[in-house]
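Working notes, structure below.
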């Protein structure tokens, strides 16, 4: 029972960042219908930026986190503007192939810049975990969880309480009508991609101090993001959030009770199972029949 | 390409080992050849049928592992007391087994793809390949996991006891790969030029229209997937008995990406495309080896892919062929000369 | 149930077909029949549900129950290619051809159902395969002749002028050898002389034994070519009968006046311009 509680706690701590990844991708995938292969690379980028600021520039840890996220937003906007803009009408194959090209280029550029040697980021929190009866949790994880929740809430407010969010939602529901009503679809696309990328970068920045940094770390993050989006239903904010926690839970329990080797595989199994049995996901919004 | 050119080309290819003494170059060609076979098979699914299958390396690896395991023999501890023992089989049988098993998984993917289309299908296929990789990595009992299966027997030709040729050296393997390549090409060319191929292309171009005239989408997708997977499995088998060692890294996504790059830059939906792409990306790494690190190369490939998708969206082969047609003065399809007078009127030609 | 002047046999029965999307009712319990060898037209203002009906009949939309029957066989729940196998083929409202294939290849795809070469025969390049290809190509040529498209045989489908593309659509559908042909606004965008030729061709198609169900806005064509007209408005049938009966029907006039007298006026002006 204690073990189970520990797993539950670990899953909750991790689930917050997974939710960030999922929300970021569901926005991009949902509004732009782009299979964003660079999502994982933004995650990696966020982590390496924190590394760069704290370890190389010796900047303040919290400031580094903020910078990493802001740079992630900027990079996302740049990718959308440079690569995706002119592919607006193109087939899904073309867009996907361009994204794959960008993903390869980015990951290897990161490899060139930071080498493949695993790096770690120092953080200002005490190393000894906080012990709460039968379970324990490290301070950094608590911090990460809190920031993740803040970001989730912030994004939710952005989407539901601001004009930008309203424009994004209407573009998701019915692109043509939104355009007719005066929504600048180009700008929305850039904003969406930037926001989604920023969230991925934030996830990376937050998890960087928790795990080690290697250039390939984004791949798993990307695939888990897709698993979360599919689990939660395309375009569903709530679905992505809950999906993130659910995936973390399935991973923790799977690693704990079945085999840790298959831990990362849990995400894939979820993808396959959900797509076969309930392709619209657990919390899918109703799509309008055109 | 007309028949003379084809024959010349074939003679040239068959003659290579006779004058290319550098074994290393021969090795490059063999590996490129294996990749070309895999790329051609991917082209059938991706280029002709328009299905974005990004898990293709799974079929390659499954073919390779199956062939390796069947030729080595294996035993599985099913319970504490009972082990399932599979005795080693001759390599040709193993090779065929690899093709059949890969084809079976192709059938599975084909069936699933009907339910799950578009971007979701891409994700399913990627996930499938990753799951297979994790299984290969973790099911150590069967696959030796990261320790790899080694000492895989090479191909042998001949009658045991009387005369045998063992494909240990590069030259026999080169010919084996070349012949398989040609066979695969012929299979794909015949399929694509037939009514089934027309239907596949119709599916890719305009699925509602195709289905409205009776094209059975599921059956066609499954067919394309099975043939595609089987050929990829053959490539995997060739690889495994040439390199004679196989480990779970063979399932890495980067190899699927390599195949996709070959098909897309060469020209998806054309017969020559994957060959051109395969040659370029099989040989380019060697050319760049001195000048750029592997990472740098990949950055270049990634950028190259983006550039080609932008400027030559159909790939190199179609671009070359329309440039060629343009130079020869506008022959070929699409150049029906309009009459000097009024445009043809509908209904003026009576039945 | 419906006017049947020549006592022909009913081939297509629509029996209380109802379709809604979410809360929106597209078709509200619609019933009508189509008889062997006739040309029936489905007309009505935009949004009346005509294309929805087509989609349901040909399997692009699934309607529950057993509200659609062709020659006694229930079509509900079947996939479009299965429905095509039963002889029911449609064209689409938005121009739909295989743009990157030649015109001949377009038609040959339509002939897909009637080609029998098996996979193994293809792979082994049996002579039967080549013979069949030659036969198919000849058939495609005949169809193109009939539609007046022979001059364009080797052009790409996407490169054809608009009017020819619409003809190509019909050619592809005919290649599938339907017994019931559903045409969705086949002459929209055509000029009056093209429309007149098309009407003549419809007559020829009907003469070859094919039943035709038409959705159209062009009243001249509808009244000139149809044996029977069925009028839909807001998802329900408001009138049914011969063209003459329909033209005099006050409900119909009201529906059209209410939704766009301007359209009929525009049609008249267009006719004047011919």
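Residue numbers (my numbering), protein chains in the order written: chain C, 970 to 1259; chain E, 5 to 355; chain W, 44 to 317. Glycine included, C-beta positions come from ideal geometry on N, C-alpha and C. The structure presented is a predicted model; accordingly, all values stated were derived computationally and were not measured.
Member of the options whose CA lies at the smallest distance from the CA of residue i
{"i": "residue 80(E)", "options": "109(E), 40(E), 133(E), 146(E)", "result": "146(E)"}
{"i": "residue 1242(C)", "options": "82(E), 120(E), 9(E), 60(E)", "result": "120(E)"}
{"i": "residue 1049(C)", "options": "1232(C), 1161(C), 1031(C)", "result": "1161(C)"}
{"i": "residue 309(E)", "options": "987(C), 1011(C), 1091(C), 1074(C)", "result": "1074(C)"}
{"i": "residue 1098(C)", "options": "1089(C), 1111(C), 1091(C), 1086(C)", "result": "1111(C)"}
{"i": "residue 274(W)", "options": "93(W), 66(W), 53(W)", "result": "93(W)"}
{"i": "residue 140(E)", "options": "209(E), 315(E), 282(E), 254(E)", "result": "254(E)"}
{"i": "residue 175(E)", "options": "159(E), 134(E), 186(E), 188(E)", "result": "159(E)"}
{"i": "residue 1177(C)", "options": "994(C), 1023(C), 981(C), 1001(C)", "result": "1023(C)"}
{"i": "residue 182(W)", "options": "172(W), 217(W), 194(W), 77(W)", "result": "217(W)"}
{"i": "residue 995(C)", "options": "1208(C), 1026(C), 1218(C), 1226(C)", "result": "1208(C)"}
{"i": "residue 1109(C)", "options": "979(C), 971(C), 1147(C), 974(C)", "result": "979(C)"}
{"i": "residue 17(E)", "options": "172(E), 87(E), 270(E), 182(E)", "result": "182(E)"}
{"i": "residue 983(C)", "options": "1228(C), 1227(C), 1210(C)", "result": "1210(C)"}
{"i": "residue 31(E)", "options": "173(E), 96(E), 128(E), 84(E)", "result": "173(E)"}
{"i": "residue 100(E)", "options": "11(E), 130(E), 74(E)", "result": "74(E)"}
{"i": "residue 1035(C)", "options": "990(C), 1053(C), 1052(C), 1016(C)", "result": "1016(C)"}
{"i": "residue 1082(C)", "options": "1217(C), 1104(C), 1183(C)", "result": "1183(C)"}
{"i": "residue 1329(C)", "options": "1033(C), 1120(C), 1007(C)", "result": "Given that chain C is displayed from residue 970 to residue 1259, the structure contains no residue 1329(C) and the question cannot be resolved."}
7 Å Cβ shell around residue i - same chain, five flanking residues per side excluded
{"i": "residue 63(W)", "result": "69"}
{"i": "residue 1224(C)", "result": "1232"}
{"i": "residue 1199(C)", "result": "1240, 1243, 1244, 1250"}
{"i": "residue 115(E)", "result": "226"}
{"i": "residue 162(W)", "result": "none"}
{"i": "residue 976(C)", "result": "1221, 1222, 1225"}
Residues that residue i bridges to, as DSSP identifies them
{"i": "residue 284(W)", "result": "272(W)"}
{"i": "residue 149(W)", "result": "Partner(s): none; residue 149(W) has no beta bridge."}
{"i": "residue 78(E)", "result": "90(E)"}
{"i": "residue 1088(C)", "result": "1182(C)"}
{"i": "residue 53(W)", "result": "78(W)"}
{"i": "residue 170(E)", "result": "160(E)"}
Contacts around residue i, its chain only, beta-carbon distance under 6 Å, and the 5 residues preceding and following it disregarded
{"i": "residue 334(E)", "result": "With a pLDDT of 48 at residue 334(E), under the threshold of 50, the predicted position of this residue should be treated as unreliable, though the coordinate-derived value follows. No residues qualify anywhere along the chain."}
{"i": "residue 142(W)", "result": "200, 201"}
{"i": "residue 1136(C)", "result": "1152, 1157"}
{"i": "residue 1011(C)", "result": "1041, 1166, 1169, 1170"}
{"i": "residue 1147(C)", "result": "1139, 1140"}
{"i": "residue 993(C)", "result": "1165, 1168, 1169"}
{"i": "residue 161(E)", "result": "169"}
{"i": "residue 1089(C)", "result": "1181"}
{"i": "residue 1128(C)", "result": "1134"}
Neighbourhood of residue i by C-beta distance below 8 Å, restricted to the same chain and skipping five residues each side
{"i": "residue 144(W)", "result": "152, 199, 200"}
{"i": "residue 109(W)", "result": "58, 117, 119"}
{"i": "residue 972(C)", "result": "1225"}
heavy atom of the ligand FAD below 6 Å from residue i C-beta
{"i": "residue 1096(C)", "result": "For the structure depicted, the ligand FAD is absent and the ligand set is empty, with no information on it obtainable."}
Inset, instruction - May I have a chain-ordered list of the beta strand (DSSP E) segments no shorter than 3 residues that lie completely inside the stretch 90–138 of chain W? - result: Segments of the beta strand (DSSP E) lying fully in the stretch 90–138 of chain W: 111–113, 131–133.
Inset, instruction - Return the residues of the stretch 269–296 of chain E that lie within a Cβ-Cβ distance of less than 8 Å from chain W, sorted by chain order. - result: Listed by position, the residues of the stretch 269–296 of chain E near chain W (Cβ gap below 8 Å) amount to none.
Legend entry - Interface residues of the stretch 1074–1092 of chain C facing chain E [CB-CB below 7 Å]: Of all residues in the stretch 1074–1092 of chain C, only 1074, 1077, 1078, 1080, 1081 place a beta-carbon less than 7 Å from a beta-carbon of chain E.
Legend entry - Sequence ranges, alpha helix (DSSP H) only - wholly within the stretch 1015–1057 of chain C, length at least 4: Taken in chain order, the complete alpha helix (DSSP H) segments of 4 or more residues contained in the stretch 1015–1057 of chain C are 1030–1048.
Legend entry - Interface positions of the stretch 114–127 of chain E facing chain C (Cβ-Cβ less than 8 Å), listed along the chain: Listed in sequence order: 116, 119, 120, 122, 123, 124, 126, 127.
Legend entry - Short-range partners of chain C found in the stretch 297–321 of chain E, where Cβ spacing is below 9 Å: The stretch 297–321 of chain E vs chain C, Cβ under 9 Å: 297, 298, 299, 300, 301, 302, 303, 304, 305, 306, 307, 308, 309, 310, 311, 312, 313, 314, 317.
Inset, instruction - At 3 residues or longer, and completely inside the stretch 234–259 of chain W: list those beta strand (DSSP E) runs for me, N to C. - result: The stretch 234–259 of chain W contains these whole beta strand (DSSP E) runs: 254–258.
Inset, instruction - Return the chain-ordered ranges of every alpha helix (DSSP H) run that is complete within the stretch 274–302 of chain E and spans a minimum of 4 residues. - result: If we require 4 residues or more, the alpha helix (DSSP H) runs fully inside the stretch 274–302 of chain E come out as 277–292.
Legend entry - Segments of 4+ residues assigned as alpha helix (DSSP H) that fall wholly inside the stretch 1158–1206 of chain C: Within the stretch 1158–1206 of chain C, the complete alpha helix (DSSP H) runs of at least 4 residues are 1186–1201.
Inset, instruction - For the stretch 170–223 of chain W, list the alpha helix (DSSP H) runs that are entirely contained and at least 4 residues long, ordered along the chain. - result: Taken in chain order, the unbroken stretches of alpha helix (DSSP H) that lie wholly in the stretch 170–223 of chain W and span 4 residues or more are 170–190, 205–218.
Inset, instruction - Report the residues of the stretch 147–160 of chain E with a CB closer than 8 Å to any CB of chain W, ordered along the chain. - result: So nothing in the stretch comes that close.
Inset, instruction - Closer than 7 Å, Cβ to Cβ, to anything on chain E: give me those residues from the stretch 147–161 of chain W, in chain order. - result: Using a CB distance below 7 Å, the part of the stretch 147–161 of chain W facing chain E consists of 148, 151, 152, 153, 155, 156, 158, 160, ordered along the chain.
Inset, instruction - Mind checking the stretch 198–222 of chain E against chain W and listing, in chain order, the residues whose C-beta falls within less than 8 Å of any C-beta there? - result: Going along the stretch 198–222 of chain E in chain order, one finds 198, 199, 200, 202, 203, 205, 206, 209, 210, 212, 213, 214, 215, 216, 217, 218, 219, 220, 221 with a Cβ nearer than 8 Å to chain W.
Inset, instruction - At 3 residues or longer, and completely inside the stretch 1093–1122 of chain C: list those beta strand (DSSP E) runs for me, N to C. - result: Contiguous beta strand (DSSP E) elements confined to the stretch 1093–1122 of chain C occur at 1099–1101, 1104–1106, taking only those with 3 or more residues.
Inset, instruction - Quick one: which residues of the stretch 55–67 of chain E get their C-beta closer than 9 Å to a C-beta of chain C? List them in chain order. - result: Here the close residues are 56, 58.
Inset, instruction - Using a Cβ-Cβ cut-off of less than 9 Å, list which residues of the stretch 244–267 of chain E approach chain C; keep chain order. - result: Contacts with chain C (Cβ-Cβ distance below 9 Å) from the stretch 244–267 of chain E involve 257, 258, 261, 264, 265, listed in chain order.
Legend entry - Contacting positions in the stretch 178–195 of chain E - beta carbon closer than 9 Å to chain W: Under the 9 Å Cβ criterion, the stretch 178–195 of chain E contributes 190, 191, 194, 195.
Legend entry - Residues in the stretch 37–49 of chain E having any Cβ partner in chain C nearer than 7 Å: Residues passing the 7 Å Cβ filter: none.
Inset, instruction - Compile a chain-ordered list of the residues in the stretch 91–109 of chain W whose CB is closer than 9 Å to at least one CB of chain E. - result: If the cut-off is 9 Å between Cβ atoms, the stretch 91–109 of chain W has 101, 102, 103 near chain E.
Legend entry - the stretch 1055–1068 of chain C: positions lying closer than 7 Å to chain E by Cβ: Of all residues in the stretch 1055–1068 of chain C, 1061, 1062, 1063, 1065, 1066, 1067 have a Cβ within less than 7 Å of some Cβ in chain E.
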